[in-house]
Structure formats: C-alpha cells, structure tokens
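Visitor: Chains as they are written, first to last, in our numbering: chain A, 7 to 385; chain B, 7 to 385; chain C, 7 to 385; chain D, 7 to 385. Glycine included, each C-beta is placed from N, C-alpha and C at the ideal position. Shown below is the structure under consideration.
Number of protein chains: 4
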Amino acid sequence: MVGGGRDAFIGAVHRMAMRLDGKIDLVAGAFSSSPEKSKLSGEDLLLDPSRVYPDYNTMIERERALPVAERIDFVSIVTPNRTHVPVAKAFLEAGFNVVCDKPLAFDLDEALELERTVQKTGKVFALTHNYTGYPMVKEARELVRRGELGDLLKVVVEYPQGWMIDLLEEKGNKGAAWRTDPQQGGASSCVGDIGTHAENLTRYITGLKIDQLCAEFTTFVKGRRLEDDANFLVRFKGGPKGVLYASQISVGEENNINIRVYGTKASLEWHQEEPNDLIVKYPDAPRRTYRRGNSYISEAAKRFTRIPFGHPEAFIEAFANIYLEAARAIDAEVNGQPVPADCDFPTVADGVEGMLFIATAVRSAKAGGVWTSMASEKK
Amino acid sequence: MVGGGRDAFIGAVHRMAMRLDGKIDLVAGAFSSSPEKSKLSGEDLLLDPSRVYPDYNTMIERERALPVAERIDFVSIVTPNRTHVPVAKAFLEAGFNVVCDKPLAFDLDEALELERTVQKTGKVFALTHNYTGYPMVKEARELVRRGELGDLLKVVVEYPQGWMIDLLEEKGNKGAAWRTDPQQGGASSCVGDIGTHAENLTRYITGLKIDQLCAEFTTFVKGRRLEDDANFLVRFKGGPKGVLYASQISVGEENNINIRVYGTKASLEWHQEEPNDLIVKYPDAPRRTYRRGNSYISEAAKRFTRIPFGHPEAFIEAFANIYLEAARAIDAEVNGQPVPADCDFPTVADGVEGMLFIATAVRSAKAGGVWTSMASEKK
Amino acid sequence: MVGGGRDAFIGAVHRMAMRLDGKIDLVAGAFSSSPEKSKLSGEDLLLDPSRVYPDYNTMIERERALPVAERIDFVSIVTPNRTHVPVAKAFLEAGFNVVCDKPLAFDLDEALELERTVQKTGKVFALTHNYTGYPMVKEARELVRRGELGDLLKVVVEYPQGWMIDLLEEKGNKGAAWRTDPQQGGASSCVGDIGTHAENLTRYITGLKIDQLCAEFTTFVKGRRLEDDANFLVRFKGGPKGVLYASQISVGEENNINIRVYGTKASLEWHQEEPNDLIVKYPDAPRRTYRRGNSYISEAAKRFTRIPFGHPEAFIEAFANIYLEAARAIDAEVNGQPVPADCDFPTVADGVEGMLFIATAVRSAKAGGVWTSMASEKK
Amino acid sequence: MVGGGRDAFIGAVHRMAMRLDGKIDLVAGAFSSSPEKSKLSGEDLLLDPSRVYPDYNTMIERERALPVAERIDFVSIVTPNRTHVPVAKAFLEAGFNVVCDKPLAFDLDEALELERTVQKTGKVFALTHNYTGYPMVKEARELVRRGELGDLLKVVVEYPQGWMIDLLEEKGNKGAAWRTDPQQGGASSCVGDIGTHAENLTRYITGLKIDQLCAEFTTFVKGRRLEDDANFLVRFKGGPKGVLYASQISVGEENNINIRVYGTKASLEWHQEEPNDLIVKYPDAPRRTYRRGNSYISEAAKRFTRIPFGHPEAFIEAFANIYLEAARAIDAEVNGQPVPADCDFPTVADGVEGMLFIATAVRSAKAGGVWTSMASEKK
C-alpha cells in the first residue's frame, strides 16, 4: 500500500476491504510522505518493519529486489489525487499490478498518459469506484441489460453530502484541505471527489455515455477555493436525458448517492444508504423490491454476496467486491494466465472517462453553464 | 362551477374538496361546452335543473338576475387552460368571486390581463395550487420562516409522473389531448401542467423567487406535439441554487412531487405521496420527523388538520384546505368585510408568477437550454 | 345523527365521511344528552332548528310524524358505547335504518338482543368498523380469497396508540373518561375501543375466526379503572395461530394499526398510517407493493377509490366508503328493493363477533391469562 | 476454529468477522467431524497443514504441545448445538479461551455445568449473540440507561424468518436437519435457533429479565420433529410486559429481527434489516432517527463504528464487534492482565439465561400454553 497512514479514512477502508475475504495479505507499504509516520503506521498494522518503506520509490526498488515469490503481487494506491498517476506509473513500469483510488488522476492529460502506460505494460489496473461493487448495483445493470426497463429515456443521479458546510480545510481537516486545494485535488473539488462516482455509477448501470452537459458550480462556503456544489443537465448519446448533481454542503445528508433510471417499460431506483434493496416500478404492475441474496437474483449479482438474505451487507463488503475481482485478475496475471473475461471491476478506461467528465464539467461551469460536449475534451 | 362535467377528473376533486367541511354548497353550474352534457352532469349532481346552464355566459346572466341572497357566492372554474381567463374575467366583471384551477392562463399576457381585472374588481380570486394546502407543507414554510434551516442554499424539487408514456392523446384520453394541444394547453404541456406546481411549491415553502433558469425540454413520445419531460437548473434571487424537474414519462412514478430544501443549519424534505410526514435533517443532531396533528406542530399548520395524528389525511383534505381559506375570504367579501389578513390560499399573483415561469422555460428551452432571466419576460 | 355534538371527535368524522360523496345530507339530529348543547350543535351545522331535537326519543317521534319522503332515511349513532343499543333498537323498531359506531354494544347480551332486533325488523344496520373501508384492506382480502397467499398459517395484528399514557380521564378529557368508566364503556377499555378493530380487521381480511385466546390485560397508568394495554395469543379455527395486541400507553405511537398475514405461498402486510400501500412478500420472488388506484388492483378494491394513483387517499375517505356502501343498502331498503348482495360494510353480525371477542378476552384476562374458548361465551 | 468446514454458513461468517479488523489470525482448526473434510477445509483456508487437525481432542493436545508464543490464543466453536459444551469444556480445561456460537448448550444442565467450568478456569468465554454487536443496538441500550425512555412498560420483539416453510431437513439441507433433530439441536428448534436471539437482544437493550412466560409452539410443516413457530406473552420482573415471537415459516420474511421498547417518556424501535437507524418516538416532540456514525451518538456505540455516517455498516461488522471485544479480553488474559471492565460481549451468563429461556418455553408450551416461571427452572 502507498498512502493510508494513521488517521487516513480511505486507507483503513481499503485495508478492511482487502482483508475481508482472506485472499489478500497486506505485507508492505509506504504509508505516508513522512517516513516517520510511515514507520509508525506499519507498526500499527503489525507489519514486518523491513517492508515498511519511507517512500514509494524505495518500496519499488526493494520489493523488486525480493525473489518473485516473496514480493508483492500488486500495490494499492490511496494517496491524494495529485500523486495517483506518478505512483501508479512507477509501479506499473516496475512490473507491478495496481489498485488505485479514484479519481484516476490530477487532470485529463495525466489520465490519458496513465492509460497508455497500462496498455503498454499489460499489467492489471483497477480503480476503486466502490459503489459499483454493491450486488444490487450489479443487479440493476443486469435488469437494464436484459431489457426489463425497455429503451432508456432518463436518468436522475444524486450525490448529496453535507459534511463540508463548514470551512473544515481551515480547521485542521486534512481530507477537506487537499480536496479543496487546486494544487492537490485538481480543478474541481466536489465533482472530482463525488460527482465522478455519480457519473461512474450511471455509466456502469446504464451503459450510457454523456454526450453533452451543462454544469452549474457553486462555492457556498466563504473562503473555499473550489466548488462545493454542482448541478448538471445531461444529454446522453443516443437521446436519453439526465439530471445529475453532487453536493457537499447539503446539510443533514450523509452519503446519499442514489440513482433512478427510467425506461419505456419500467424504471429502477437504488439508494446507497439502503443498499440491499433495488426497487423496480412498472406502469401497470405492482412495484417490485429486489433484495440481495435471494434465489431470484441474477448470477452476476449473486456471486458478490457473502451471507444470506436478511443479513445485510454494506459499504465494506461492496468495497471488498472490487478487491475480490481485481485479485482474480491479478492472480491470473501473476500466474501468467489471461485475465478472466468476466472480471467485474473499474478499469483505467473508466478513470479516463471520469477525468473527461470532470474536465468537461469545469469547462462548462467556467463558461457560465454552457452546454459542452464531452468529445471535444478528449485528445 | 364551470366545467367539470361527467368523467372530468379534476372537477370531481373540486366538488369533494368543497363538500368536505360542510361550508360550501354546489348549487349551479355550466358543466360542459356541450349543453346536453352540462344538463346530464347537473342531474348526476342532483342539482336544481333551473340552475344548470348550457354555457357560462347564460350562467352569469341568470345568476345575476337572482336576488343577492340566492345567487352564487363564487364560481369554481375547472375548464381546460384555454378558457380560464375569459371565464374568470367574465365572472369577476359580473361581480362574482372566483376559484380557478391552475395554470392561471393560456399565456403570460392573458395572465397579466387577468391580474389587472382582479385588482380592478376587488373580488376574491383563488388559484388551486392544491399542494400548498397540505398541513406539512405549511409546517415546512413555518420552519423556513422561523429560521430553523438557517440561510437557504439549495432546493431540489421533483415532479415525476409516468402516465403519459403512451400517446394517450390519440387513444381517446381527453385530458392528455388538450394538455398536449398547443391551441388548448398553451406553449407547454408538462411544465404547464405539473412543472408549475413544482415552482409554486418551492416558492410557497421557501419564499425564493427564480432569477434565471436553464431549461431542457424533451418530447420522448413520438407524435406528441409538446414536451413531456423538462429538466431545469435554477438560480434564485439572492444566491441559492436549484434543481427542478417535471416529467410525465417517468414510468412507474405516480404523482411523486417532492421537495428538499437545504439551509446552512438544517434541511427539510417532503413527499406528497406520504404527506403526513415532514423530515428535517441536521448536521449534528438526530433527524426529526414532524407528523401532522401533533401538539408540537405550529398553529399555521395545525389549523389545516381535521382529525388526530395517526389518522392520515391526504390529497382531498389538502385540496379542501384551499377551498376553506378561499371560502373564508369570500365569506368576508360577500358580507362586505375586509378579507382576513391570514387567509392562506394561492392568488392571481401566484398564477402570474407561474405563467412567467412557463414562458421563461419555453424561451430557454427553445434557445437550446440557455440561461434565461425571469424578469426579462414580464412586461 | 344521535350524539356527535360540539367537540366530539368521532361525530365530526362521521359527518365528513357522509358529506364527501354528495349522496348523504345531514338533516336532523339529537346531538347531545344536553338539549341545549344539541341545539347549539345543530346551529353549528346550519340545520333547520325544527329538526334539531333535545333527545333521541323526541327525534324518533317527530321524524316519524313527517311524510315519508321528508323524514330521515337512516340515523347515525355516535354516542358512547353505553347507549348504542337502546338508541339503535328504538330507531330500528320505529322503522329507521341505522349506522352505528363501534363497538356494537355495552356487553354481549345486549349485542345479541340487538342482533335479534335487526333480524326482526329487516332494517339495514351498518357498524362503522372503518378500517375495513380502506381500498388496500379490500385488496388484501381479495389476495387472500384468490389464494395468492396459499393456506393461511399465522396472523400478527397490532394496534398501538400512546395517547392515554397520562390519566386523561381526570384531566377533563371526556373521551378518555367514558372509555375508562366501566359503567359507560363496558368491561374493557382498550380492547373495547381499539382491540375490537384489530379483531375485525383480521376477520375481514382473512376470514379466520378465533377459536381460543389467551389474554393479558394491564393497567399501566395508576388510577385508571380499566386496562390500557392488552396482549393476546390466538388460535384460529382450522389451525392458524395469531399474535394480537392493542395498547393505548405505547408512547410515541399514534394510531398504528397494522396487520401481517402469513400463508404457505406468500405473506402480506398493511399499515394504516401508510394506507395506500399493500406489501406482498414471496419466498422466491421480489416483494411487491400494490398501490391504490392502479390498473392491476382488483375491482373489489378499485370501486372504493375516488382519485388516481399517487394522489393519496386516507382515513376520511375510508370512513366514507363504509357510508357509501351503507347508503347503497339503505337506498335499496327505502325504495323497497332487496339490498344488493355485494354491499360491503360491517353488519350487526360483525358487531356480535366483536362483543364476543371482548367478553372472551375479559374472561381470559381475569382468570390470569388462561386459554379461553370463544364459543363458550356465546349463548 | 472447531467446526465451520466447507459449506457451513456460520463458520464462514465467523471467519470474516475475525479477519475484518486485522487483529485475529486463523491459524489452526478441526473443521469437521470428518478428518478428510477438515483437511480440505484447511486447504481452502490456506492454513499450514500441520495445524489442521482431524478432531478437536487432537487439536487441543497438539496446540498445548506448542511453545506458548506459538499456540492459539483462543478457539472459536461453530459446531452444532450438541457439541458446544463438550468442546468448550475441553478447551477451557486445557487452558484456552473460548468464543462459542449460540445457543450455549444442548440443555440447561449442560449450560450450568459449563458456567461452572468457566468460573473455575477463569478463562474468557464469549458467546456470539451477534445482534448485540450492532452499534445502534448499543445506542438503544444507552438511551434506556440514561433514562430517555423513562420507566419501561412494554417490549415487543419479533424474529420472523421464512426459509423453513419447506421440509428442508429431508431435502439435504444440513442446517435444517440438525436444528430440527431433537438429538442434535435440543428440545427446541425455532426458539433455540432464533428465539434465543430475541430474548438476548431484549435483555441487552432493556436490562429486563423475564419473570414468567406463556408460550405457544406450533409445528406448521408436516413431518417436522420440532416447532417452527413460537409466540410468547411475557411478564418481566418489576412489572413490564412483553410480546415476543420467533418464526421460521413466516414466508417472505428474511431475517427480520426487530424490537420496540416503550417507556413512560418515549419509545424506541430498531430493525436489524436496516441496522444503521434507531428510531425514537415521543408523545409531544418530533420522532428522531439516530443514525450510526454521527457526532451525537454515545461513546458506547461510537467505538463500534469503523466508517463515517452514510457509509452503511451491517451484519458482518456487527459480528466483528463481538470478536473485537472478545479479543480485547483475550489479549488481556493471555498477557496476564485483568479483563477490562468495559468489555462488551455476551458471556456464559448470557448463555445460561438463554438456555433457561428455552427450557421454560418448552415447559410452558408442552403444558398447553400455561404461564410458567423462569426461576422455577434454574437449579
């Protein structure tokens, strides 16, 4: 692991997700830009001190020096956005597989460069757009794929949070600080942090790609340097329309990402805060609630379930599903096998699409909310 | 009553709303543009045949000929949009008070003309934006007014329906036919029919007025002449932002108007399909669910409740609340008293604001989704 | 109407229920045991003073003296339990049809006597077990009848309220006072007032009759003279089992009557506080939510709906459905026609069954919670 | 680990719960009564083959032979009920700490014997009544403890499942087979398996102990040897009353354990299938929903949370909380420290109480549903 030292929320989540299924062992890491903090974090994690490194370059060098059977099979990158690409490139080029937190990169150029590196090295690269790890999100995708909804017409996807209603970046909150710092988080804060999850979730479930968007960014909290709220109108390729928003000043909301997809025959609805249910509505039949773990759930979703119906699974388990699938691919790669075709995890291409979304959003918003084409951004 | 003959949905609702509290008697009407149908509708309603008229002009003439104590105190207009203003003007100018279904008029010019007529005649004019009749909507307004939410930042208001996913206007559905006919419904179908409720509900609860909007209209059903889906980004006067949409092709949705209002201190949420609850969310305290009929409800909401908590009230009762308040005003007017200051019903000014919203939306949408100022429309 | 004077909750509900559909006019009444209060109540209701009577005997005498076409078609009895039977008998024997509030009688003997009177006079007698007026309760019955649930195994029916957590009967609350006074309310308070609704709702939906019950009565509030909480185990005829409880000291509960019915093939669930939904659960298929007003709803339920889906209906409308059906029967009786076979309202037989339930419950509870047979009570 | 071989549901859950927090390593086991199956299970788990044992006696012997620093710190027992006590006693007497699945024992005598062994050996013994591991269950206990509900009056606790509606024990389902076999599961099936969770959850949250109970057992599925449904009326010590039921034939229910606790000042409600919420209802204030992870949550609950609000935690995390606390105690014991006083996990005393509940229930049910005292059972 690179990053994820003491007090880092997302690093701890990655570690629980890795551990859950007993297939991944954390054996080495460079947990902080401070060598001292990295060392202490390694101690917290009961790691062999010889494999707790002061920085990621040292980690690459020393791990490569180990016999193949002993070195790490992949690295998990959980640093701030700014360093995702340099770290990932270095590991890929040194022959390691990579799991990386989202968003993929600092900007679109970097993302495209990383995509080329992945292609060139042939290594496995997984991006932890964790919400697509939920079984009922996978079920939603299956319902769309098998035509249960008919032709898609409209998507409404929301991601309201409220935790940034205060100027936390000036009150010692590190996560808030780097997210709202254009030098570290990138050109967007709210969209880069959570809007990109909304875009990814939509694309995962529906297969729809954004053609054009109209973005309205607002910075509601005085003194903040980037937007903390963003509303979008969206035109998808092929005709469907969308409403998408992300907000970090929606007081009282916790982590309420949710999606509704409307087709000609039915619609579906999923809420991350009650993730075991998937609601499907029909024009002329009772509403149906699909529930995780039941016999009627598709194989594509069922295999991401660990325990029986009524015993709820939640965020960590969904996150672990990303790792499970990445691990399947990595296991194949390490053993010189082809990556199984049905591996279901977000790739570098998803990350590039996300960065394109962010770049397009920033451009539209800066122009005052002008309809802007996604394609025009990609080089 | 004018309009509301056999099979007309909204006319029947108006009649139930009138009857509920035993303060209004339906005694006369011109129920259809067909004199024969008007007569039969009058029979259905057990009315005195001498007061069932072939058309509204005859109704005005004959009612005026009755002694003051016997003639109607007000007329309820439940015709298609096209005729709201001519009928309302005729009654107002003949000295009758008016309750009128929404939207106010066929277009903005007409609306402004009617506003002048109301001002000139000094009669009571009530517009049945019925969703503001719900007690918990009134409670929401009280919470905003007394600062429970702090300064307002954002509003999300949705009005999805699904009933027009088929081309009903060509299958004998009269309601669908006139709504989608530009000659009868006006320049907008979905926004005129339900989007205007969303705008009105937002303004009622928050007091916010739209400054600029960006509208995306879509006609999803082939052969339809007006939009059946409309998404908006909104900038309110003073800085708050909004997302608003109305849809009649959101399959599986019934009549799901709902609103979320976010402030600096708290947010609130109300769903028309579960109208007895109002949810308030805080950044640092448990969520609260305010429930109709309880001791802690404000007087402003409590007086619109008929039965104790846990005995749910719903759509008809909310509609009746509009009539109750209009009746209070009319009672005063008929008795030569000033209309009580606390009468709480939508007025002609609300209707003008709604028509301005529709006109601005149409202009923005026709321009391809360009931010358009509300003020620029009003003459 | 007899009873229902100023400040009486249930009388006002009856009147709204009568008025809603425009088929019943309140024209006469003896609204209070105080002639003066009866007179004032009549004024409130804008009635012809000549038909506002000081007591029910006078009412009977004078109404009978009117020409047939002018006299009342039926009487609505909304007095405390103590007087239901004497008043009802007097009206029935004088040739009037009767609608009566529940519970039917002061005790079982009285109930049986009234049943004989109804049979002897051949008049219509309707009991306002209003919860069976909800469309989705009727839908539940249809689902059971058509075998959707398979053979029934178990019923859980709950009726918690919390309003009597204080000793209201000594604080001027009249409703609490007569309910808890054995001389006025009968041998049971909580069971007589609301437990009987739970029994009736169960029997209506399932058709099951109680064979034996085990009752635990508790008086939690010091100074109260009758039970304010009652829990039951139930054995139904034919083998199904049940859990039933009623409580008026369940703080924070409003009027939360709800029922779950389990069969071999599926189960259903209905909650009065969200009455437009009916949930059906299957062992191997997604849960279904049936919603009032949709095309897929059975005719038996659909005809009790006034407005489209998504426009919620609630308590008053359900209550009005009892009146609508009673009125259909009364209309037939008054016109010398046979009562239509499909009239769907609670009858005197339902009331007798309810009184038998109360009597059996009291006997079981007094014996310390001994299993007691229903049959043994009926003479 | 003893038990939990291939295909055993609960063994896999225990392993995920152990792993989640990175503080417990599974290093040895006797996973099946079949040595061959034990060996294969050990391979699945990537264990050192030398520590995969053919039976638990061998395991004890060989682990004791290892140097103290290398041997296991505790054993996790996940076998059928029949063998809990013999296995636990053997490990305790050999000096090992024990975590054991519920119910504690085959019968009450055994349970009392085990209690004596635990006392005698001074080892840590934890029982995985996992539902008490949920943070919001702990919050519920805190609310009761600090008097938020006032004096407790009534508890309603339900545990419906539907999975045993078929005669699974004759269709190759091992879990169903041993549960319904009096020789393996004990004198009760449904109550032993899940009723005991309901009793434990009630006691954990409220601190109430059952004084007397009246039990109605039913075997609905033909051919089954023990009850599959059990309804109870309960009298708690000190006056509160209760309704409790457990069912495994409630078709369509999944794992719907839920509890409502009513006091003089407020009531609370928690549902395991939506475990992140805790609802508190007041007579004269809005309902409150307490949500996991928020600042206002008590320390007692907060320390059992891993990730922020809105990122739901669920069954596995709750289960892991039992292990976390047991591990804290075991860590102290192993290091010769006193067990921290605030360790929060179910003990052998809870298990004895549970066995007493089962024994009393069986006695009451066999007598035909007679009120039976808990105390009279304990020797």
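8 Å is my cut-off, CB to CB: does S273(D) come that close to chain B?
Guide: Residue contact check for S273(D) against chain B: no CB pair falls below 8 Å.
Visitor: Can you list, in chain order, the stretches of the alpha helix (DSSP H) that have 4 or more residues and sit fully within the region 329-365 of chain A?
Guide: Runs found: none.
Visitor: Is the Cβ-Cβ distance between P314(D) and F325(A) less than 8 Å?
Guide: no
Visitor: For the region 289-302 of chain C, enumerate the residues whose C-beta is nearer than 9 Å to any C-beta of chain A, in chain order.
Guide: P289, D290, A291, P292, R293, R294, T295, Y296, R297, N300, S301 and Y302
Visitor: Cβ of C170(A) within 8 Å of Cβ of Q278(A)?
Guide: At residue 170(A) the sequence reads Met, which differs from the Cys that was named. The Cβ atoms of M170(A) and Q278(A) lie no closer than 8 Å to each other.
Visitor: Give me the chain A residues within the contact set of E175(D), using Cβ-Cβ distance strictly less than 8 Å, ordered along the chain.
Guide: Under the 8 Å cutoff, chain A gives no residues; its nearest Cβ is about 17 Å from E175(D).
Visitor: Check the C-beta distance from Q190(D) over to T378(D) and give it rounded, since I have them as a contact under 8 Å.
Guide: About 25 Å separates the two Cβ atoms, so there is no contact after all.
Visitor: Check F238(D) in the structure and name its three-state DSSP category.
Guide: strand
Visitor: Could you check the C-alpha separation between P352(B) and A23(B) for me, to the nearest Å?
Guide: 16 Å
Visitor: If you follow the beta strand (DSSP E) that T295(C) is in, where does it begin and where does it stop?
Guide: R293 to R297
Visitor: Taking the continuous beta strand (DSSP E) assigned at Q167(A), which residues delimit it?
Guide: Unbroken run through Q167(A): none, as it is neither H nor E.
Visitor: Please name the residue in A182(D), V105(D) and G316(D) whose C-alpha comes closest to that of V227(D).
Guide: With distances taken between Cα atoms, V227(D) lies closest to A182(D).
Visitor: Could you compute how far the alpha carbon of S38(C) sits from the alpha carbon of V84(C)?
Guide: 10 Å
Visitor: To which residues does DSSP link C106(B) through a beta bridge?
Guide: I83(B) and L133(B)
Visitor: Rounded to a whole number of angstroms, what is the C-alpha to C-alpha distance between V340(C) and A221(B)?
Guide: So the alpha carbons of these two residues sit roughly 60 Å apart.
Visitor: Report back the beta-carbon spacing between T202(B) and I328(B) to the nearest angstrom; my notes put them in contact at under 8 Å.
Guide: Not confirmed; about 15 Å, so no contact.
Visitor: Determine which residues of the region 225-236 of chain B have a Cβ less than 8 Å from any Cβ of chain A, and write them out in chain order.
Guide: Residues F226 and D235.
Visitor: Given E233(C), which residues of its chain have a CB within under 8 Å of its CB, disregarding the five upstream and five downstream residues?
Guide: S194, S195, C196, V197, F223, T224, T225 and A371
Visitor: Does the distance from the C-beta atom of T123(C) to that of K95(C) stay below 8 Å?
Guide: yes
Visitor: Quick test of your reading: L158(D) and V267(D), contact by CB under 8 Å. State the CB separation rounded to the nearest angstrom.
Guide: 6 Å
Visitor: For S56(A), which of helix, strand or coil comes out of DSSP?
Guide: helix
Visitor: Is there a C-beta anywhere in chain D that falls below 8 Å from the one on M22(A)?
Guide: yes
Visitor: Would you mind reading off the limits of the alpha helix (DSSP H) that contains V249(B)?
Guide: Premise fails: V249(B) lies in the beta strand (DSSP E), K247 to S253, not in any alpha helix (DSSP H).
Visitor: Tell me where the beta strand (DSSP E) around G269(C) begins and ends.
Guide: N264 to G269
Visitor: Can you tell which of G316(B), M361(B), A338(B) and D350(B) has the C-alpha that lies nearest to the C-alpha of G139(B)?
Guide: D350(B)
Visitor: State yes or no: is the C-beta of M7(A) within less than 8 Å of the C-beta of I216(A)?
Guide: Not closer than 8 Å, so no.
Visitor: Since L46(C) is in the alpha helix (DSSP H), which residue starts that stretch and which ends it?
Guide: P41 to D50
Visitor: With DSSP as the reference, label T186(D) as helix, strand or coil.
Guide: coil
Visitor: Just by C-beta distance, which residues in the region 338-372 of chain C are closer than 7 Å to chain D?
Guide: none
Visitor: Measure from the alpha carbon of G17(B) to the alpha carbon of each residue in V105(B), G360(B) and E319(B), then state which is nearest.
Guide: Considering only alpha carbons, the answer is V105(B).
Visitor: Using a cut-off of 7 Å between C-beta atoms, extract the partners of K97(B) located in chain C.
Guide: The amino acid at residue 97(B) is misidentified as Lys; the sequence shows Phe. The premise fails here: F97(B) is roughly 23 Å from chain C at the closest Cβ pair, so nothing lies under 7 Å.
Visitor: Contact defined as beta carbons within less than 8 Å: I believe R12(D) pairs with D50(D). What is the distance between those atoms, to the nearest angstrom?
Guide: 7 Å
Visitor: Are the C-beta atoms of S194(D) and some chain C residue less than 8 Å apart?
Guide: At a cut-off of 8 Å, the C-beta of S194(D) has no neighbouring C-beta in chain C.
Visitor: Could you list which residues in chain C have their beta carbon closer than 9 Å to that of K215(D), in chain order?
Guide: Chain C residues near K215(D): none, gap ~18 Å exceeds 9 Å.
Visitor: G9(D) bridges to which residues according to DSSP?
Guide: V84(D)
Visitor: Identify the residues that DSSP records as bridge partners of S273(C): which are they?
Guide: Y268(C) and K287(C)
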